[in-house]
Amino acid sequence: MDQTQLLKGVLDLAVLAVVQGDDGYGYDIVRRLRDGGLAEVGDASVYGTLRRLYAAGALTSYVVPSESGPHRKYYGITPIGREQLARQRDDWHAFSSTLDGLLAGPAATSARGASA
Amino acid sequence: MNTTELPVRPDVAAFVARVRELLADLPEEERLELTEGLEADLADQVAEQGGGALGDPEAYARELRAAAGLEPAARRRVRLRRAMSVSEALDDARTRWDAVVGHPRVAPVWAIVAALRPAWWVFRAWVAAVLVCIALPGYTVWGFTWLPGVSNEVGLLVLAVCVVGSTLVGMGRLVPGGDRGTPMRIVLIGLNLFAVAMIPVAEQHYQDAEWAQTREYGFTGTVSTGSGVTNRGREVCNIAAYDAEGQPLVGVQLFDQAGRPLDVRCWRQHDRTVPWVLGDVTRWNVFPLGEREQPARTQEQREDLLGAAFPTPDRATTPAVTNPLVPADAEVRPTPAREKDRDRREREREGGDVSRR
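Chain order of the listed sequences is L and G. My numbering numbers the first residue of the first sequence as 943 and each following residue consecutively. My numbering numbers the first residue of the second sequence as 274 and each following residue consecutively.
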C-alpha cells in the first residue's frame, strides 16, 4: 500500500516522535523520518506539518543564523506537544492493535470464503 | 528573511521564490512561517541528492499547503484573493495618486482643486437632477427654469434633494460614500464616472430647453431678466421716432402697455447718453436720447455736455403711413391738444410693440 496515504493520518505523530528528544531544523527532521524508515515522506509535507504543529502550539521554533548559508529554522517540542505525542501514541497503539486484530480476522474469513 | 551571508544556489532561490508566489494569497505572516528556512532545508537537500531533488514548485506548494492544513480553505482563499486584489489595486491606485498630488509642484494646485470638491458635489447633483427630470413622466423641453422640462417648483425640489444627497455621499455620511468596502468603493467610482459621462447629455438638454425658450419667446430668459428692451435679440439703446407723415420726432415719451415708462437700457447707458429731465428728475423714456462722444463716468463729466448731441436719424424721413383706425380727415392738422392725445395713444402702441418684439 502507498505509504503516503498511510502517512497522512500519522505524520503529526511521526514528526513529534522525532523531535521529542532533540530539536531539529526542517530538512534535519525529514532526514530523521527517512532514516527511521519513512523513505517516501515528502519534505513539503513535513514542513507543512511542522508549521501546523507550531500553529497549534505543539512546537516552538527559533531561527539560527548560519555562517555559511541561509539561516535555519529549528523546531523543538513544547509541553503541549508532549501531551499530544503521548495521547496520539496511545491512540496509535489502540488503532494498530485493532487493525492487527482485523487483519488476523479477515484471514480466517477469507479462508472460509475460499472453502465455500 | 535574507540574513544570508552567502548566496543561495540560484535554482534553490528561484524555486523558493516561485513557491512563495504560489502562496501569495496567504496572510504575509503565515506565508513567512511556512517558507522561512526553506532555502536552508532545500539547499541541504540539493547538496545531498543533487539538483533533481527540486520538483515541481506548484506540487510542492500544494503539498506544503495541504500538510499545513490550509487546503480546505484554498478555493475560498482564491476568491478572497480576487476580492483582495481588487481592493489592493484600489489602494495601490490611491497611493500612486496621492504620490502624484503630493509632489511639491502639484500639491499647491491640488489643494485648490480639493477645496473645490463641494462644487463637484453640487454639479454632479445637477447632472443627476437633469436625468431625474428627463425620467419624470411628461417630460417636455419647454423652457429653462431650474431644470429643463419641469416646473420651477419641481425642478427646485429635485435639485435640492440631489444636492443634499450628493453632499452627504461626498462627506461620507451616506452609502456608498462612507463604506470603505471594495464593492462600495467601486460603486462610488462608477457613479462619479457616470456623472462625468452624463455631463454632455445634461448639457444637451439644457441647450435644448434654452433653444425652445428662445424660439417661443424670441429671447432667452437670461438676457431678458435684467436689461431693458430687446429687439430681435439685441438690446435697444436708443429709439428714433417718426410720425405718421414720416417726419422725425424729438421728445417722444414712450410707455408700455401697462403705462410703465419704457426702460431702454444698454451697457453703460448713463455714461453714453444724455437723458431728458422733468424738473430735476431724469427721464430715460423720452426719445431720442442725446448721445455723448466720450463716455462720462463721473458726475462732473456728465454735467459737461460738450460733444453731446441728438443722434442723426438714419434717414431724414420715412414714408407716410396710414391706419384704418385713423380717419382720413385726421390728415387735416388737428388741434394741438388732440394731437397730443393721439400721439400719446400711438406712442403707447408703438412702445408696446417694441417691448414685445
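Heads up, the beta-carbon is just placed ideally off N, CA and C, and yes, glycines get one too.
With a cutoff of 8 Å on beta-carbon distance, Gly501 of chain G and Val537 of chain G are scored as near each other.
Between Trp540 of chain G and Val509 of chain G, the alpha-carbon positions lie close to 10 Å from each other. Around the C-beta of His478 of chain G, 16 or more other C-beta atoms lie within 10 Å, and the residue is accordingly described as buried.
Beta-carbon to beta-carbon, Glu564 of chain G and Arg545 of chain G are separated by about 6 Å, close enough to satisfy the 8 Å threshold. Around the beta carbon of Glu301 of chain G, a 10 Å sphere encloses fewer than 16 other beta carbons of the protein chains shown; the residue is thus reported as exposed. Taking all protein chains in view, the Cβ of Lys1015 of chain L is crowded by 16 or more other Cβ atoms within 10 Å, so the residue is classified as buried. Against Arg446 of chain G, chain L offers no close residue; the least beta-carbon distance is about 42 Å (beta-carbon pairs closer than 9 Å).
Thr571 of chain G and Val373 of chain G have their C-alpha atoms some 52 Å from each other. Taking 8 Å as the threshold, the shortest C-beta distance from Ala316 of chain G to chain L falls below it.
Judged by DSSP secondary structure, Arg556 of chain G falls within the beta strand (DSSP E) whose first and last residues are Val554 to Arg556. Non-local C-beta neighbours of Glu312 of chain G in its own chain, meaning closer than 8 Å and more than five positions away in sequence, comprise Thr277, Val281, Val285, Ala286 and Val289, ordered along the chain. The stretch 461-480 of chain G makes no contact with the stretch 429-437 of chain G; the number of CB pairs closer than 8 Å stays below 3.
The alpha-carbon of Ser1038 of chain L is positioned some 34 Å away from that of Glu321 of chain G. Residue pairing for Trp394 of chain G: DSSP places it in no beta bridge. Here Ala581 of chain G has Val547, Gly563, Glu564, Arg565 and Glu566 as same chain residues with Cβ atoms under 8 Å from its own Cβ, once five neighbours each way along the sequence are excluded.
Below the 8 Å Cβ cutoff, chain G contributes no neighbours of Tyr1004 of chain L, its closest Cβ being approximately 10 Å away. For His1013 of chain L, the closest alpha carbon among the candidates G:Gln574, G:Ala362, G:Val292 and G:Glu309 is that of G:Glu309.
No Cβ of chain G is located within less than 8 Å of the beta carbon of Ala981 of chain L. Residue range Arg1014 to Ile1019 is occupied by the beta strand (DSSP E) that includes Gly1018 of chain L. The three-state secondary structure of Ser1038 of chain L, taken from DSSP, is helix. For Leu337 of chain G, the closest Cβ of chain L is nearer than 8 Å.
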